[in-house]
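Visitor: Have a look at this one.
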């Protein structure tokens, strides 16, 4: 599996979101080497606080496959999924997460001690996690956005 290639796709989508005025986050859903769907953060342009990149990608995969069962799928995300997105991924049966940037990398203060690993432990979810793929690039676009609540 080519993690860098799928993350490059996500980074291109994150740049589109940034250019449109949305949080620069994107996600790609892949199963058995095939891209099932992509998603972008669209909170600002859709006036919908639930339209995060991961939920957008999951909704697009559900529509394309006509099922909510994504067992065996991998989600590539430029940013660590929040608790809402993590729960949606868990309920869909996602088995692997490949992420570029973590909330802690930005010194975010709005999520407390949250991490995807803490969420998985709380829920008893056995998610395979691969971290740091295109970390610098994911961090660069998020820092250009400069709208995260961070500790300085």
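Residue numbers (this note's numbering): -15 to 136. No residue lacks a Cβ here, since even glycine has one placed at the ideal position from N, Cα and C. Predicted, not measured: the structure shown is a model, and the values here were computed from it.
Have a look at the DSSP bridge pairing and note the partners of residue 60.
Guide: Residue 60 pairs with 12, 82.
Visitor: Would the region 61 to 73 and the region 15 to 22 be scored as touching if the rule is three or more Cβ pairs under 8 Å?
Guide: The answer is no - the region 15 to 22 does not touch the region 61 to 73, with fewer than three Cβ pairs under 8 Å.
Visitor: Hey, quick one: how far does the beta strand (DSSP E) through residue 49 stretch, first residue to last?
Guide: Per DSSP, residue 49 belongs to no beta strand (DSSP E); it is in the alpha helix (DSSP H), 37 to 49.
Visitor: Measure the Cβ-Cβ separation of residue 45 and residue 57 and say whether it is below 9 Å.
Guide: Against a cut-off of 9 Å, the Cβ pair of residue 57 and residue 45 comes out as a contact.
Visitor: If you follow the beta strand (DSSP E) that residue 21 is in, where does it begin and where does it stop?
Guide: First-last of the beta strand (DSSP E) with residue 21: 18 to 24.
Visitor: Tell me which same chain residues have a C-beta within less than 8 Å of the C-beta of residue 8, skipping the five on either side of it?
Guide: These residues qualify, in order along the chain: -2, -1, 1, 2, 25, 62, 125, 126, 128, 129.
Visitor: Does the distance from the CB of residue 41 to the CB of residue 11 come in under 9 Å?
Guide: Against a cut-off of 9 Å, the Cβ pair of residue 11 and residue 41 comes out as a contact.
Visitor: With distances taken Cα to Cα, identify the nearest neighbour of residue 85 among 32, 119, 79.
Guide: Nearest option by C-alpha distance: 119.
Visitor: State the CB to CB distance for the pair residue 117 and residue 82, rounded to an integer number of angstroms; the pair is presumed to be in contact (CB under 8 Å).
Guide: At roughly 5 Å, the Cβ-Cβ gap stays under 8 Å, so residue 117 and residue 82 are in contact.
Visitor: How far does the alpha helix (DSSP H) with residue 112 in it reach, from first residue to last?
Guide: Not the alpha helix (DSSP H): residue 112 falls in the beta strand (DSSP E), residues 112 to 114.
Visitor: In this structure, how does DSSP classify residue 118 when only helix, strand and coil are distinguished?
Guide: Three-state result, residue 118: coil.
Visitor: Spatial neighbours of residue 39 within its chain, please: C-beta separation below 8 Å, excluding the five flanking residues on both sides.
Guide: 23, 68, 69, 72.
Visitor: Measuring CA to CA, which of -14, 105, 76 is closest to residue 43?
Guide: It is 76 whose Cα lies nearest to the Cα of residue 43.
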